[in-house]
Amino acid sequence: MRIITEAVAGTLESSDLLVKVSPSREKTLEIHVTSDVMKQFGTQIRRVVDDTLQGLAVTDGLIVIEDKGALDYAIRARVQAAVLRGAASKELNWEQLS
Amino acid sequence: MPAELEFYTVDAGELSQEREQIERLLRESDLGWDSRVGTFVVCREGAQLIACAGLDRDVVKCVAISPAFRGSSLSLQLGSELLKVAMERGHFHLFLFTKPENAVFFRGWGFYPLVEVQDRVTLMENSPIAIRKYCKDLQALRQPGGKIGCIVMNANPLTLGHRYLAEIAAGACDWLHVFIVREEASMFSYAERYELASQGLSNIRNITVHHGSEYIISRATFPSYFLKGKCAVDECFTAVDLLLFREYIAPALDITHRYVGTEPICQVTNKYNQDMKLWLEAANSRSPSIEVVEVPRTTWRGGPISASEVRRLLQDKSLGKIEELVPESTMNLLISRFGDKQKSEMTHGVEH
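In order, the protein sequences belong to chains A and B.
For the first sequence, my numbering begins at 1 and goes up steadily by one.
For the second sequence, my numbering begins at 99 and goes up steadily by one.
Spelled out as structure tokens, the structure:
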């Protein structure tokens with residue numbers, strides 16, 4: 001799956017996160033995470049993001065995340081929503097989303 | 099229990115009872131009404147307006163929160179709402195100006211500082227990496243040499259004056275980088291201005307004509323440039339624009355000198371030229387000074403050649419007089435766009 005258009009999911013509110021995706025001109029996958037709890041949970045957040053992107057088979061795109069201390073399943077859901085919007089995906093593969 | 103908070107969006111043109119309340123909110127935060135804001139996101143608690151945030155296309159403005167609600171979760175809700183509205187309107191990449199002490203507040207909205215004019219203003223953008231990616235793209239276009247020049251021009255349209263300035267600069271430097279202002283606020287479209295500059299300067303061997311960007315004299319970095327005659331040039335904005343140049347663009351291309359034509363006519367441009375010496379050369383910055391070279395304008399029959407003169411002649415329908423002021427490529431465009439109209443108007447004149 002490739003990000004072909006700019007898209008956003010989530011909010012900046014506490015315990016949520018904002019995920020912004022945009023196309024990558026270099027056709028690479030680039031991920032930037034900023035979090036209020038980067039020191040404590042940065043590695044864990046990044047792992048959830050990476051796993052979610054891998055699950056959706058995202059090959060290229062620019063993913064920018066502003067995390068406000070969201071739990072893993074919120075991170076997963078927001079990343080999925082942003083990617084599916086950005087990939088302008090019409091058919092959902094529910095197995096990939098689980 | 100406090101009344102529930104209600105967020106909604108209003109077009110600036112359709113404000114009724116909110117207008118007065120927004121102005122009061124802004125006053126409480128030492129901010130003024132900005133007529134360029136097209137959309138407001140407001141928050142209401144019962145009948146009382148307690149927060150607002152404005153959007154002037156891709157620039158966030160007029161953000162104010164009633165003192166009693168500061169430091170609450172309201173701010174992040176307001177930010178989320180604003181980003182949603184901006185996105186719906188097709189603005190993904192956003193900028194905002196704020197006082198340096200408030201920069202940390204907007205970090206919470208996902209904005210990152212680009213430049214700070216000490217004690218005055220900070221320009222921020224809603225990406226941690228956009229400027230870095232932009233500079234990386236520029237770095238790929240670096241040219242060898244110890245003296246690298248740069249000109250930023252609107253070229254509306256390109257005249258022999260622009261070409262003269264570019265020839266002088268290119269002659270004095272190992273390489274010359276020319277940026278064409280990207281903003282669509284001129285008589286000629288960006289595509290036309292860029293094309294004419296590329297063609298009209300192609301006689302110069304050591305030159306790159308670059309596309310402009312929102313980081314060089316754009317509505318985001320330098321709003322007053324596009325409001326000529328309407329307001330005094332705000333020194334803060336020229337400072338922001340010039341510091342962006344000095345701290346990001348110049349280092350990316352190893353630029354050591356910035357060239358500019360003397361400006362006898364336009365006040366805004368003249369002020370910009372003067373500010374250049376302050377912010378590129380003298381002011382404190384984390385980046386080295388860039389030498390500003392002011393080149394006297396080339397003249398034709400006693401008057402300076404300028405794009406504004408060309409536009410004036412066009413309005414007077416004096417196409418013939420323009421020929422001596424512009425390169426052939428510009429003239430060809432002018433003839434194809436205005437020539438027939440002016441000719442047919444003349445013919446009609448004869449017939450009647």
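Glycine included, every Cβ here is placed at the ideal spot set by N, Cα and C.
Computed from a predicted model, the values in this text were never measured in an experiment.
Contact annotation for residue 34 of chain A against chain B: 226 [CB-CB distance below 7 Å, chain order].
The alpha-carbon separation between residue 435 of chain B and residue 356 of chain B amounts to approximately 33 Å. Proximity of chain A to residue 175 of chain B at the Cβ level (cut-off 7 Å) is accounted for by 13, in chain order.
Within the stretch 169 to 197 of chain B, the residues whose Cβ lies closer than 8 Å to some Cβ of chain A are 171, 174, 175, 177, 178, 181, 182, 185, 190, listed in chain order. At a C-beta separation below 9 Å, residue 310 of chain B has no neighbours in chain A, since its nearest C-beta there lies roughly 18 Å away. Contacts between residue 53 of chain A and chain B, judged by CB atoms closer than 7 Å, are missing: the closest CB pair is about 17 Å apart.
Contact between the stretch 421 to 428 of chain B and the stretch 281 to 298 of chain B is present: three or more C-beta pairs spanning the two stretches fall below 8 Å. About 13 Å separates the beta carbon of residue 194 of chain B from that of residue 162 of chain B, a gap too long to meet the 8 Å contact definition. Taking the beta carbon of residue 6 of chain A as reference, the chain B residues within 7 Å of it are 190, listed in sequence order. The distance from the Cβ of residue 424 of chain B to that of residue 180 of chain B is about 44 Å, inconsistent with a contact at the 8 Å cut-off. Within the stretch 326 to 370 of chain B, the alpha helix (DSSP H) runs of at least 4 residues that lie entirely inside it are, in chain order, 333 to 342, 348 to 351.
Spanning the alpha carbons of residue 346 of chain B and residue 415 of chain B requires a straight line of approximately 42 Å. Within the DSSP bridge table, the entry for residue 138 of chain B names B/108, B/152 as partners.
Distance check between residue 383 of chain B and each of B/175, B/220, B/215, B/103 places B/215 closest, using alpha-carbon atoms only. Bridge pairing for residue 18 of chain A: A/10, A/66 [DSSP].
The stretch 19 to 34 of chain A makes contact with the stretch 49 to 68 of chain A: 3 or more CB pairs, one atom from each, lie closer than 8 Å. Residue environment: residue 58 of chain A is assigned as buried (16 or more neighbouring CB atoms within 10 Å of its CB, all protein chains considered). For a Cβ distance threshold of 9 Å, nothing in chain B lies close to residue 58 of chain A: the least Cβ distance comes to about 18 Å.
The three-state reading of DSSP puts residue 375 of chain B in helix, counting H, G and I together. By the rule that beta-carbons nearer than 9 Å mark a contact, residue 273 of chain B does not touch chain A.
Excluding the 5 residues flanking it on each side, residue 96 of chain A has same chain C-beta neighbours closer than 6 Å at 55, 56, in chain order. Any Cβ of chain B closer than 9 Å to the Cβ of residue 62 of chain A would place that residue at the interface, and such an atom is present. Close to residue 18 of chain A, with beta-carbon spacing below 8 Å, are these residues of chain B in chain order: 178, 181, 208. Per DSSP, residue 48 of chain A lies in no beta strand (DSSP E); the unbroken alpha helix (DSSP H) holding it starts and ends at 38 to 55. Collapsing the DSSP output to three states places residue 76 of chain A in a helix. Here the alpha carbons of residue 362 of chain B and residue 413 of chain B stand approximately 21 Å from one another. The beta carbons of residue 1 of chain A and residue 79 of chain A sit no closer together than 9 Å. With a minimum length of 3 residues, the unbroken runs of beta strand (DSSP E) contained wholly in the stretch 164 to 220 of chain B fall at 193 to 196, 210 to 215. Bridge pairing for residue 60 of chain A: A/2 [DSSP]. The shortest CA-to-CA distance from residue 137 of chain B to any of B/234, B/143, B/147, B/159 is the one to B/159. Between the alpha carbons of residue 403 of chain B and residue 183 of chain B lies a distance of about 45 Å. Nearest CB-CB separation between residue 66 of chain A and chain B: below the 9 Å threshold. Inter-segment contact for the stretch 65 to 76 of chain A and the stretch 101 to 120 of chain B is absent: fewer than three beta-carbon pairs are separated by less than 8 Å. In the three-state scheme derived from DSSP, where H, G and I count as helix and E and B as strand, residue 428 of chain B is classed as helix.
Between the stretch 263 to 282 of chain B and the stretch 307 to 318 of chain B there are three or more inter-stretch CB-CB distances shorter than 8 Å, so the stretches are counted as touching.
With respect to the C-alpha of residue 293 of chain B, the residue from B/256, B/269, B/314, B/245 having the closest C-alpha is B/256.
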